Structures are given as structure tokens and as C-alpha cells.
Amino acid sequence: MAEERVTKLASERAVVVFTKSGCCMCHTVMTLLVGELAVSAAVHELDRDPLGREMEKELARRLGRGAPAVPAVFIGGRLVGGTSKVMAMHLKGELVPLLKNAGALWL
1 MAEERVTKLA
11 SERAVVVFTK
21 SGCCMCHTVM
31 TLLVGELAVS
41 AAVHELDRDP
51 LGREMEKELA
61 RRLGRGAPAV
71 PAVFIGGRLV
81 GGTSKVMAMH
91 LKGELVPLLK
101 NAGALWL
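See below:
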């Protein structure tokens, strides 16, 4: 059930971010995407969703061993990763082209 829900929610917009309220790394990623890059992301706070705990386990499984489950960033329906992956991509100049290809940026 959680696997299907994550997959469904991850494909609802060009950029989808799974977060938890009060998570500073989630805030950092959202500041970059929404504040700096002006992306209109769908945000799902797992601690406010009845299936949040199960979805968090599913995201942790997808992200791999040892990685925090949130934030989990999907671009174009594909899991990109968490904070370190998104920030690394941004610093390498890879994030903006990916966002453009997904239709999340028009500039």
C-alpha cells in the first residue's frame, strides 16, 4: 500500500518532495527548490499523513541503507535523492537542467 501511494504521489507534479515538519534538512531543500529556483513543488509532510510512517519506511528502502528517509526529492517521477544528492547536483550544475527537462523550470 505504501509503495503504491509513494509512486502515485511522486508522479503528481514535475517536482515532489516528501518531508517532515520541523526537519531542518527538509527546510534547506525546500528553500533551494521553492525559494531560490522558484519551483512549484508538491510537498507531502509524512508526519501529517495517516500512512506517513509506512511511506517513510518505503522511502528509506528506496534511498538505500543509512540514508535518511526525508527529504526525498522526486523530479519527473524519478527519485533523485535526499539533501546531499540534491545539493551536490546543484553545485555541479546538474539540477537546473534536470528541472528544465521535467518541465519544472522554464528559464
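Under full-length UniProt numbering, the first residue of the sequence shown is numbered 1, with each subsequent residue one higher. Ideal Cβ positions, reconstructed from N, Cα and C, are used throughout, including at glycine. Source: prediction; values computed, not measured.
**Q.** Residue range of the unbroken alpha helix (DSSP H) whose run includes leucine 98
**A.** 95 to 101
Q: Return yes when the Cβ of serine 21 is within less than 9 Å of the Cβ of glutamate 45, no when it is not.
A: yes
Q: Pull up the distance between the alpha-carbon of threonine 31 and that of leucine 37, whole angstroms please.
A: 9 Å
Q: Measure the CB-CB distance between leucine 63 and valine 6 and report whether it falls below 9 Å.
A: no
Q: Please state if the CB of leucine 33 and the CB of valine 70 are separated by a distance shorter than 9 Å.
A: no
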